Amino acid sequence: MEQESKNTFIVKLVPIDFDESPSNYCSIAPIGSLDVMYKNEDFDVRAYLPLNKKIVIKPSERATIRTGYFFQVSPGYKVYIKPITEMNTEHKIILLNNDVITGEKSTNEVTLVLINFGDDPFTIRLGDVVARAVIRRI
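Pasting the structure below:
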């Protein structure tokens, strides 16, 4: 396996340029930074919502969750978006677009579609972990 230089990156989170005022949103790591980079480690994907807003997914309903980012990925790598086990087993929340794959040419915001197969409403707030990004060499 070839050695990578200190200046190379594997995954860089790039904030989407929203029409809304940035003051309507709040920064929760890793949200809000141009320089968040991940090298050979997986990371949490968090919900990006306006301050004091929440999404309530009622039983048998689905919702699209924004992340506020697209991922820049180094050549030779892919990022797979995977569900959170606890959301599946404890709350019966399923990630519909499981195995979302982002590559080096991806420029679209990573959005996730969740469906509630449970009996109770499920609430998502700003910064809640809604998926896991898994980095793999291809």
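The sequence shown begins at 28 in this note's numbering and counts up by one.
Positions of the beta carbon are idealized from the N, C-alpha and C atoms, including for glycine.
This one's a predicted model, so the numbers in the text were calculated from it and none came from an experiment.
Expected contact under 8 angstroms - CB spacing of ILE162 and ASP69 to nearest Å | Numbered from 1 along the sequence shown, position 135 holds the residue referred to as residue 162. Numbered from 1 along the sequence shown, position 42 holds the residue referred to as residue 69. Between ASP69 and ILE162 the Cβ distance is about 6 angstroms, and since that is below 8 angstroms, they are a contact.
Which one of ARG152, LYS132 and HIS118 has the shortest CA to CA distance from SER87?
-> Along the sequence shown, one-based indexing puts residue 87 at 60. Nearest option by C-alpha distance: HIS118.
For the beta strand (DSSP E) that THR138 lies in, which residues bound it at each end?
-> In the sequence shown, counting from the first residue as 1, residue 138 sits at position 111. Per DSSP, THR138 belongs to the beta strand (DSSP E) from 138-143.
Quick one, are the C-beta atoms of ALA158 and LEU122 less than 8 angstroms apart?
-> For the purposes of this step, residue 158 is taken as the residue at position 131 of the sequence shown. For the purposes of this step, residue 122 is taken as the residue at position 95 of the sequence shown. Yes, Cβ-Cβ distance for ALA158 and LEU122 is below 8 angstroms.
In angstroms, rounded to a whole number, what distance separates the CA positions of LEU153 and THR138?
-> Against the sequence shown, residue 153 aligns to sequence position 126. Against the sequence shown, residue 138 aligns to sequence position 111. LEU153 and THR138: Cα-Cα distance of roughly 14 angstroms.
In the segment 71-98, which residue ranges form an unbroken beta strand (DSSP E) of at least 3 residues, counting only runs that do not cross its ends?
-> 81-84 and 89-93
Pick from ILE108, MET114, GLY103 and TYR96 that is closest to ASN124, judged by C-alpha positions | Counting from one through the sequence shown, the residue named residue 124 turns up at place 97. Here the closest residue by C-alpha is ILE108.
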